[in-house]
Structures are given as C-alpha cells and as structure tokens.
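Some notes on the structure that comes next.
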Amino acid sequence: MIAVPVLLSLATSAFAASASDWQSRSIYQVVTDRFATADGSGPSCNTADRKYCGGTYKGITSHLDYIQGMGFDAIWISPITKNIGGSNGYGEGYHGYWPMDLYNLNDGFGTADDLKELSAALHKRGMYLMVDVVVNHFAATSTPPSLTYGGYSPFNAETDYHPFCFITDFNNQTQVEQCWLGDTTVALSDINTESENVVNTYNTWVKNITSFYSIDGIRIDTVKHVRKDFWPAFVKSSGVFSIGEVLSNETQYTGDYTNYMDAVLDYPSWFAVTQAFASTTGNIALIAQNIPETQKYFKNGGISTGAFLENHDQPRFQSWTTDLSLVKNAMTYTFVTDGIPILYYGQEQGYTGGNEPASREALWFTSYQTQNKPLVEHVSKLNAARKAAIAGDSKFLSTQMKVVANSTHNIAVQKGKLLTALTNVGSQGAAENFELTGTGYSANEQLVDIISCTNVTADASGNVNVALKGGNPQVIIPVSQLSGSGLCGSAKSAVTTSSGSNNGASTVGFASAILAAAIGVVGVLPFLF
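For reference, each letter of the sequence shown is one residue, going -16 to -1, 1 to 513 in mature numbering (1 follows the signal peptide of the UniProt record, and there is no 0).
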C-alpha cells in the first residue's frame, strides 16, 4: 500500500467536470472486485462466500473496449480506501464499504499507479471516472465499550464518532444521522461530522484524491445518514460532480438533498419503474405520477439525477422476472428520462442474482461476449439513440420529459423529439395500438423506431400511431437525427480517443418488500455493504 498524503504533495491542480459536463454521459457501474482480473484469468467466485474474487483496476483498464463498445462514456467504481481486513460473519470488505483508513488504498484492487493508469486510459478515450466515497462511517467488528479506535486513520479518537447507538427508528432523522448502521457483527462507526477537525480533514482529503487521481465525479454513499449542511463544503472541496445515495421512495424527502449536492440517485423513480415492469400486473400509473413529482422536488427538475434499474444494494431486475420484454421496457426507461443513465455491470449479460450478495457476480464468467446477447444489443441502441437526440437538439438535455399518454398497461413519454412508448403486457400480451398527439412533430415528419428499425411517419397534424408488438418498447426519433449514430443502417461516428475529460487533460408483495427496504423495516443489512 502507498500512503496517499505522501503522494498528494506531488499533485497538481485539475479542472473539474461539472454537472453540465456529466448530463450528456451514460455511466457503467462496476464492482471493482467482480469485473475483471489483472491477468485475464477467471478464478472461481462464489458470491455467497462474500470474499475477494480478484477484480482489479488493471482488469477494468484492459476491458474498456467492452464498456465503450456499448456506448458508455463514464464508469463508476467501488470505494478506493483501505477496508477492515480479515473475514467476519458477513465476509470480507471486497465491496469497499467498510473503510478504516482514508490515507491508504484498498490493495485488493491494485496500487495507486494502477488507479492513475485507469484514469488516464479513460481520459484518453474521452471517458469519465466516478469514484464511490464513504463519509458516514468507518467499520468495526466490535462495538463499545470493547471497540478501540486506535487502528483507524485519521479518525482515531472516540470524539471523532457519535456516541454509540444503533438506528432503531428510520423515521427519526436525528437517529438516522447520529446513530450507527450495522449490527454487532459489523458495526458502522458513525463519524462525528459536527466536529470541525473531521470536517476539515474530509474536505482536504476529497480535494486531494480527486486531483491526484484525476477523478471526474464522486458518488457519495449513505448521504441521508450525515447532516445536510455538511455536504455543500465537502462537494465544493471535491471540485467535481457529485451524486448522492438517498435510499427512500419519498420524492420530496429525496429531492431535498439536491439542494446540498449536484444530484442524487433517483430511488423514487426506481421504486416506480420496478413496480411497473416486474410483472404484467404492475402499476404503470406510478411512473406517470412520479415524473411531475421529480420535476417539482428535485433541483433543476431532476435533469442530473442518476437513473438506474439495478445496483449493488438491490436485487437484479431479472431476479423478479424472466420476461425479456419486461426487462427491455424497464431498461429503456432509465435511458430516456431527464437523468443520467446508469447501468450496473452484468445487467447487459442477463445476470439474475437476487438479494446481496447474489447480485455481485463475477463478470469474467461471460468472457465479455457481446454477440448474440440481446441486452447488450438493446443497451447499445439506447445509448446511441440518446446520443443522437443530444447531438440533434442543443436543448435536449435541458428539456424536461413529459407524459404524452398512459393507460393501465402502457405509457408514452417524450423528451425533446425522443418519443418512447412502453408497456408491461409482457411477451405473450396482445398487441397495443394507440395514437399519440401533441408530440410536436412536423406534418408528415419521417421518424424511426430504433429498437425495430421500423419507419414511422407522423400524420398531417404531427400525431404518431404506435403499434407495440410482443410487449417490446419503441424508441422513436426523427430520421434526420440518425446521422452518425450507427442506428438502423446509418453510419457511425468514429469513437473519441483523445482526452475529453476536464479533469485529466427497486404486485403487492413485491412492492411491500422493496418499500420496507427503503424505510429500514427489513433491517439494516442493506446498509452494511
């Protein structure tokens, strides 16, 4: 391991990647230990063991073609700091969320040079690097009074932590912010972010790591467990785009955190989308209700939120349904909303792991194949369509999406000239036909559904007739925007290889279960990892 403070004395200032810089991006989330090994080997990896499997920064660097080939231009990696060692009742700290030392790296993932090389390789391709950071806690395998703090760095005094108490009421914000997550197997020692010393130390640390490693953005863990007024100075010190995790289904509660940082992961929309598409009896109306709520309560109307279907804390969507049409509809929504699309590694390969740790499979078992992989093809089309819409309309990113139509099983949404029709009838459902009005298309404008490459022509009033077949979604854009996208026979623009970075050159039972997870009813285990 290499002590970060020593290296940081050599760091030079860097320009920040702002929220506006990130809006056009799409993010591929990686669990560093599970994506790729340094030597290209494929060691066994039993997720139930909750142990390190061998993924590294070098492994990620060697497979950037795979990620970029699907159209992603940013990655989000696991927390980089040193975690508690050894194995306990919940396994090892392979995930990165059990920090104990800010000033040393998790050597299971590689060296400081390896991380810098990953950053440089991304920037050479015009891609961004987002690093997960944990501020709320350090981890321990004991609790007071037997817990000693001397092994932590730099917070090695009892006064650096809130007095010991486990959270018992997740509706009590004081408990949420000042009591501890975890349990007696792994306790997450709640750091005293009211302490001036702690605040100053964190602000200096985040400024240094973003500069030294040329990091373009940070994803902040367990945001709601830290007092809100801690965040503005921390985010400002980072000098880069920030997006926080607020695990809640309440739009107003979640949205308030966008007043303290650039953006949050859009958990309220995740609850709506998963409930809408996890079965053919899902409630599509939840999506229609969620859109205006997000635009009301999120800063900038949710333009920079993180739109996702899966992540490392939740069951994979395909653990709930094996109907590929439902999967495609749910995936599609995350790419056509106002937010920044985020795809969790392995989703494109059809991984089906359920609750953690099953949802953290090793990707090397797929050999990173892209041929005859329907979801690889699907996500590649979605990325290309979004980029085409951005390129074809300078106001696309700042234009808020709207609901054009919705019914029991269908919904049509539009952002700029990108029109999307979704359904949860499933692959065996009847064909759905409906006319969409108020789309803003010109009379007789030539359009195309980029999923099926079927041509569509607006009528004399600019209305569009949509025919959904086999339960599949449609993503419709003007033919005039296809140029350079590689979609539906159009030529594809060359991939960027020069630096493009400014910083380096979750049915009733189903709904009840995920709602319980959000408010803590099912316990605190999701927060441990």
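For glycine and all other residues, C-beta sits at the position ideal for the given N, C-alpha and C.
Bear in mind that the values here come from a model prediction, so they are computed numbers and not experimental data.
Under 9 Å between C-beta atoms of residue i and residue j
i           : j      : result
Gln7        : Trp60  : no
Val459      : Asp433 : yes
Ile202      : Glu229 : no
Gly323      : Tyr281 : no
Tyr50       : Tyr352 : yes
Ala58       : Ser103 : no
Val119      : Val210 : yes
Ala475      : Ser464 : no
Gly43       : Thr65  : no
residue 532 : Gly334 : This structure cannot speak to residue 532, because the chain is shown only from -16 to 513.
Thr132      : Leu165 : no
Ala451      : Glu416 : yes
Ala105      : Ile68  : no
Ser221      : Tyr186 : yes
Phe261      : Tyr317 : yes
Leu403      : Asn449 : no
Residue i versus residue j - alpha carbon distance
i      : j      : result
Thr407 : Thr321 : 16 Å
Phe292 : Ser62  : 16 Å
Ile151 : Ser426 : 56 Å
Thr143 : Thr177 : 11 Å
Ser263 : Thr306 : 10 Å
Val170 : Asn192 : 29 Å
Thr16  : Glu429 : 46 Å
Asn243 : Lys283 : 6 Å
Trp254 : Ile275 : 12 Å
Trp189 : Tyr136 : 15 Å
Val160 : Tyr81  : 18 Å
Tyr36  : Gly77  : 8 Å
Gly504 : Asn233 : With a pLDDT of only 41 at Gly504, under the threshold of 50, the placement of this residue in the model should not be trusted, and no figure is reported.
Ser343 : Gly330 : 9 Å
Asn88  : Asn390 : 52 Å
Ala414 : Gln273 : 25 Å
Ala314 : Ala32  : 27 Å
Ala1   : Gly223 : 8 Å
Ile227 : Tyr145 : 24 Å
Leu310 : Cys163 : 40 Å
His362 : Phe301 : 15 Å
Given residue i as reference, the closest of the options once Cα atoms are compared
i      : options                           : result
Ala369 : Tyr281, Asn187 and Pro462         : Pro462
Leu308 : Glu332, Pro252, Ile324 and Phe319 : Glu332
Thr40  : Asp5, Ala3, Met54 and Asp98       : Asp98
Gly470 : Leu48, Gly53, Tyr335 and Ser46    : Gly53
Asn156 : Asn449, Tyr237 and Ala414         : Tyr237
His296 : Pro341, Leu270, Thr194 and Pro276 : Pro341
Ser288 : Asn233, Arg344 and Gln384         : Gln384
Ser179 : Gln159, Pro147 and Leu165         : Pro147
Arg34  : Glu361, His79 and Gly454          : His79
Cβ distance (whole Å) where residue i is taken to contact residue j below 8 Å
i      : j      : result
Gly446 : Thr423 : 6 Å
Gly337 : Ser364 : Contact doesn't hold; Cβ gap of about 23 Å is too wide.
Phe225 : Asp246 : 5 Å
Asp85  : His121 : That belief does not hold up - the Cβ atoms of Asp85 and His121 are roughly 13 Å apart, past 8 Å.
Lys357 : Pro457 : Their Cβ separation, rounded to whole angstroms, is 18 Å, which puts Lys357 and Pro457 out of contact at 8 Å.
Pro252 : Thr278 : 7 Å
Checklist line | Touching by the beta-carbon criterion (3+ pairs, under 8 Å), the stretch 188 to 205 and the stretch 108 to 121 | finding: Touching, per the Cβ criterion.
Margin query: Could you check whether the stretch 372 to 380 touches the stretch 407 to 419, counting it as contact only if at least three pairs of C-beta atoms, one from each stretch, sit closer than 8 Å?
Written below: As far as the Cβ criterion goes, the stretch 372 to 380 does not touch the stretch 407 to 419, which means the pair count is below three.
Next item on the list: Flag this pair as touching only if the stretch 26 to 40 and the stretch 263 to 280 have three or more C-beta atom pairs under 8 Å; answer yes or no.
Entry: no
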